[in-house]
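Participant: In the working numbering, the protein residues as written are 1 to 593. For each residue, glycine too, the CB sits at the ideal point set by N, CA and C.
1. Name, in chain order, the residues that DSSP records as bridge partners for residue 525.
2. Is the beta carbon of residue 475 sitting closer than 8 Å to the one on residue 510?
3. So the candidates are 487, 408, 155; which of them puts its Cα closest to the Cα of residue 603?
4. Nearest-angstrom Cα distance between residue 560 and residue 295?
5. Using the C-alpha atoms, what's the distance from residue 490 back to residue 408?
6. Just the C-alpha distance for residue 130 and residue 85, rounded to the nearest angstrom, thanks.
7. Pick out the complete beta strand (DSSP E) segments inside the region 89 to 116, 3 residues or longer, and give them in chain order.
8. Buried or exposed: which applies to residue 544, given that a residue is buried once 16 or more other Cβ atoms fall within 10 Å of its Cβ?
9. Report the partner residues of residue 503 according to the DSSP bridge assignment.
10. With respect to the beta strand (DSSP E) encompassing residue 295, which residues constitute its N-terminal and C-terminal limits?
11. Using C-beta distances below 7 Å, list every residue in its chain close to residue 140, excluding the 5 sequence neighbours before and after it, in chain order.
12. Could you tell me the alpha carbon to alpha carbon distance between residue 506 and residue 133, rounded to whole angstroms?
13. First and last residue of the beta strand (DSSP E) that includes residue 356?
14. I believe residue 326 touches residue 349 by the beta-carbon criterion, under 8 Å. Please report the beta-carbon distance rounded to the nearest angstrom.
15. Which residue marks the beginning of the alpha helix (DSSP H) containing residue 427, and which one marks its end?
16. Quick check on DSSP: helix, strand or coil for residue 142?
17. To the nearest angstrom, how far is the alpha carbon of residue 126 from that of residue 279?
18. Quick one: Cα of residue 468 to Cα of residue 416, how far?
19. For my contact list, residue 369 and residue 145 are in at a C-beta cut-off of 8 Å; report their separation, rounded to the angstrom.
20. Residue 500 and residue 485 look like a contact to me (Cβ under 8 Å); what is the Cβ gap, rounded to whole Å?
21. Leaving out the 5 sequence neighbours to the left and right, which residues in its chain are closer than 7 Å to residue 564 when beta-carbon positions are compared?
22. Nearest to residue 513 by CA position, among 478, 103, 442, is which residue?
23. Tell me the rounded alpha-carbon separation between residue 91 and residue 424.
24. Hey, which unbroken runs of the alpha helix (DSSP H) at 4 residues or more fall wholly within the region 219 to 290?
25. Tell me whether residue 179 is buried or exposed, calling it buried when 16 or more other Cβ atoms sit within 10 Å of its Cβ.
26. Residue 257 to residue 114, Cα distance in whole Å?
27. Taking 8 Å as the cut-off, decide whether the C-beta atoms of residue 516 and residue 440 are in contact.
28. To the nearest angstrom, report how far apart residue 195 and residue 61 are at their CA atoms.
29. Which residue from 240, 411, 199 puts its Cα closest to that of residue 216?
30. Which complete alpha helix (DSSP H) runs does the region 16 to 81 hold, if anything under 4 residues is left out?
31. Could you pull the start and end residues of the beta strand (DSSP E) that residue 170 belongs to?
32. With a threshold of 8 Å, are at least 3 pairs of Cβ atoms found where one atom belongs to the region 254 to 273 and the other to the region 347 to 367?
33. For residue 59, which residues of its own chain have a beta-carbon under 7 Å away from its beta-carbon, when the five flanking residues on both sides are left out?
34. Need the endpoints of the beta strand (DSSP E) that residue 191 sits in, please.
35. If you reduce the DSSP assignment to three classes, tell me which class residue 469 lands in.
36. Is the separation between the beta-carbon of residue 237 and that of residue 190 shorter than 8 Å?
Now the structure itself:
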């Protein structure tokens with residue numbers, strides 16, 4: 001195995017700084033969600049009457065599963081648990097007696113510990129209302145830059161030996177996902193969709209949407225609006241909802257607010273109009289991590305780039321392309337119905353500080369993720385890969401002309417469906433010209449940390465700069481420390497030179513996670529721009545944590561890019577560590593295997 005070592009010698013330095021990269025947590029080449037492979041999955045049920053059984057279960061016993069053999073790459077996996085999933089994407093094809101319905105496959109439902117490419121569950125979406133098959137995948141690639149998000153790719157599905165069509169393989173938001181992103185899995189988890197059904201509306205129950213509206217302390221009031229996926233947590237959810245509605249000033253003690261602002265910002269930029277802060281209030285999860293904060297996790301992104309929501313406004317598309325990014329729902333307490341209210345959205349966007357952070361996040365997403373050349377290249381690669389599978393799909397709703405046309409333009413088939421590139425172009429133009437988004441934020445250079453732990457950063461167009469820092473292993477609860485440019489305070493040397501300074505806090509810890517937040521009267525800017533999902537890590541190396549001698553070298557603790565101690569782990573790749581010589585020199589090593 002090839003090893004590449006980059007060595008840098010620094011005299012008398014006892015610190016290190018790196019950028020935390022959460023993208024390392026996503027699947028790498030060869031994994032379940034590898035985009036540039038198109039796998040074939042075969043399902044063979046023991047009972048040939050499986051379809052009628054599963055349809056009946058969807059209506060009357062939705063958790064019921066039946067066994068089948070799943071085959072991938074010639075390997076059989078016996079007795080996987082299968083049920084149908086979805087709501088409108090199940091009802092619409094099923095009402096037309098079309099067998100292309102979405103599947104939920106549990107690998108270890110009957111046989112404990114059974115996995116497919118390391119995963120316990122597969123969720124196969126039928127892309128029923130997406131002629132391109134790609135809106136979920138392209139939008140997922142954007143969301144996951146800014147907050148934990150499920151991955152997606154394309155697969156062919158065969159059922160009872162017959163080709164059932166091209167499907168989108170979506171990562172399940174389950175304990176495996178939680179462990180992957182939060183390094184824990186035992187907290188309260190809720191899927192925020194109510195029990196309403198798209199079909200069989202005469203017999204289907206009706207419930208409040210999961211709009212986080214406070215209905216009282218009785219947990220039973222919320223059972224039909226939120227779907228609990230953990231063994232406990234109703235009291236935690238009601239406490240969160242009560243705080244949102246009745247004591248919002250303490251919201252950051254129960255909710256990762258920045259994560260919500262990122263979710264809301266991506267929803268708006270990619271015109272995902274099927275979620276909490278747009279048309280329909282659903283399609284998100286809430287998970288409470290061990291630091292006591294609920295995390296918002298986006299879900300079901302196939303109506304990004306307007307998607308099937310275009311049907312309402314095909315003939316007046318400005319309604320969707322120019323959807324107000326500061327929409328908050330009705331005024332709280334006004335004479336409206338409870339199901340119309342969105343108290344979390346209303347309270348966040350009516351708070352001037354949170355509104356500026358939200359706006360900063362939208363600017364970042366517009367700048368980084370609406371590159372039409374890159375997105376079109378990604379689309380072309382995936383469309384070429386899937387062309388044969390799509391053209392041979394016997395049950396797809398759309399034609400192959402729609403497969404291509406809906407990339408560039410909206411299409412009308414008796415209902416309207418937004419195009420990917422047309423939505424990006426129209427939405428980007430509208431957002432960039434929005435009077436609030438177009439306000440000029442501060443400009444921040446990359447911060448530096450000196451040998452005496454002085455943090456300095458050059459910032460222009462600002463009147464207030466903060467160092468945001470934490471030592472939390474959960475990467476949360478950052479605290480503010482003012483930075484100065486007065487030539488006196490915080491270690492600052494020269495007044496009014498645009499270089500802001502303060503000393504790094506928490507020096508009794510092995511590492512400090514931090515980012516810079518700069519303000520002016522109109523706007524906020526962050527460095528790194530994806531904070532708090534990304535941040536800098538400062539390593540507090542000193543001669544007290546020397547581990548020993550090796551060829552006249554003192555080797556200090558080894559810490560990976562996620563801030564974890566890997567000193568005694570011989571199997572971790574891509575290590576960053578330091579060797580300190582007796583004379584005080586430090587050897588910084590990047591080791592790639």
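Facilitator: Reading from the atomic positions:
1. Residue mapping note: residue 525 aligns to position 525 of the chain shown, counting from 1. 518, per the DSSP bridge assignment.
2. Translated into the one-based positions of the chain shown, residue 475 becomes position 475. Translated into the one-based positions of the chain shown, residue 510 becomes position 510. It is not a contact, given that the beta carbons lie outside the stated cut-off.
3. It is not possible to answer for residue 603, since the shown part of the chain is limited to 1 through 593.
4. Your numbering for residue 560 matches position 560 in the chain shown. Your numbering for residue 295 matches position 295 in the chain shown. Any reading at residue 560 needs caution, since the residue's pLDDT is 47, under 50, leaving its predicted position unreliable; the model's value is listed next. Answer to the nearest angstrom: the Cα atoms are 25 Å apart.
5. Looking up residue 408 in the chain shown gives position 408. Looking up residue 490 in the chain shown gives position 490. If you take the alpha carbons of residue 408 and residue 490, they lie about 53 Å apart.
6. Here the question's residue 130 lines up with position 130 in the chain shown. Here the question's residue 85 lines up with position 85 in the chain shown. Near 17 Å, if we compare the C-alpha coordinates of residue 85 and residue 130.
7. 103 to 106
8. In the chain shown, counting from the first residue as 1, residue 544 sits at position 544. The predicted model places residue 544 with a pLDDT of 43, which falls under 50 and marks its position as unreliable; any figure quoted below should be read in that light. Flag for residue 544 reads exposed.
9. Taking the first residue of the chain shown as position 1, residue 503 is located at position 503. Paired residues: 454.
10. As a working note, residue 295 is residue 295 in the chain shown. Counting along the chain, the beta strand (DSSP E) containing residue 295 begins and ends at 294 to 298.
11. Position 140 of the chain shown, counted from the first residue, corresponds to residue 140. For residue 140, where only same-chain residues beyond five positions count, the Cβ hits under 7 Å are 149, 150, 151, 152, 301.
12. Walking along the chain shown from the start, residue 506 turns up at place 506. Walking along the chain shown from the start, residue 133 turns up at place 133. Approximately 49 Å between the Cα atoms of the pair.
13. Taking the chain shown and counting its residues from 1, the one referred to as residue 356 is at position 356. That residue, residue 356, is in no beta strand (DSSP E); its alpha helix (DSSP H) goes 352 to 369.
14. The residue given as residue 326 occupies position 326 in the chain shown. The residue given as residue 349 occupies position 349 in the chain shown. With 8 Å as the limit, residue 326 and residue 349 qualify as a contact, their Cβ atoms being about 6 Å apart.
15. As a first step, residue 427 is located in the chain shown; it is residue number 427 there, counting from the start. Unbroken alpha helix (DSSP H) run through residue 427: 420 to 432.
16. Here residue 142 refers to the residue found at position 142 of the chain shown. DSSP places residue 142 in helix when its eight states are reduced to three.
17. Numbered from 1 along the chain shown, position 126 holds the residue referred to as residue 126. Numbered from 1 along the chain shown, position 279 holds the residue referred to as residue 279. It is roughly 22 Å from the alpha-carbon of residue 126 to the alpha-carbon of residue 279.
18. Along the chain shown, read from residue 1 onward, the residue named residue 468 stands at position 468. Along the chain shown, read from residue 1 onward, the residue named residue 416 stands at position 416. Computed Cα separation, rounded: 45 Å.
19. Stepping through the chain shown from its first residue, residue 369 is reached at position 369. Stepping through the chain shown from its first residue, residue 145 is reached at position 145. 6 Å between Cβ atoms; contact.
20. Here the question's residue 500 lines up with position 500 in the chain shown. Here the question's residue 485 lines up with position 485 in the chain shown. Correct: roughly 5 Å between the Cβ atoms.
21. Along the chain shown, read from residue 1 onward, the residue named residue 564 stands at position 564. Note that residue 564 scores a pLDDT of 48, beneath 50, so its modelled location is shaky; the value from the coordinates is reported in the next line. Around residue 564: no qualifying Cβ.
22. As a first step, residue 513 must be located in the chain shown, where it is residue number 513. Measuring from the Cα of residue 513, the nearest candidate turns out to be 478.
23. Position 91 of the chain shown holds residue 91. Position 424 of the chain shown holds residue 424. Going from the Cα of residue 91 to the Cα of residue 424 covers about 29 Å.
24. 234 to 246, 257 to 269
25. Numbered from 1 along the chain shown, position 179 holds the residue referred to as residue 179. Around the beta-carbon of residue 179, fewer than 16 other beta-carbon atoms lie within 10 Å, marking it exposed.
26. Locating residue 257 in the chain shown gives position 257, where the first residue counts as 1. Locating residue 114 in the chain shown gives position 114, where the first residue counts as 1. Distance from the CA atom of residue 257 to the CA atom of residue 114, rounded to whole angstroms, is 37 Å.
27. Numbered from 1 along the chain shown, position 516 holds the residue referred to as residue 516. Numbered from 1 along the chain shown, position 440 holds the residue referred to as residue 440. No, they are not a contact pair.
28. As a position in the chain shown, residue 195 is number 195, starting the count at 1. As a position in the chain shown, residue 61 is number 61, starting the count at 1. Taking the straight line joining both Cα atoms gives about 13 Å.
29. The sequence position of residue 216 within the chain shown is 216, counting from 1. That would be 240, whose Cα lies nearest to the Cα of residue 216.
30. 50 to 60
31. Residue mapping note: residue 170 aligns to position 170 of the chain shown, counting from 1. Note, residue 170: beta strand (DSSP E), 162 to 170.
32. Yes: at least three Cβ pairs fall under 8 Å.
33. The count along the chain shown starts at 1 and reaches residue 59 at position 59. So the list reads 200, once near-sequence residues are dropped.
34. Taking the first residue of the chain shown as 1, we reach residue 191 at position 191. 189 to 191 is the extent of the beta strand (DSSP E) around residue 191.
35. Against the chain shown, residue 469 aligns to sequence position 469. Looking at residue 469 - three-state DSSP - the assignment turns out to be strand.
36. Start at 1 with the first residue of the chain shown, and residue 237 comes out as number 237. Start at 1 with the first residue of the chain shown, and residue 190 comes out as number 190. Yes, these two residues count as a Cβ contact at 8 Å.
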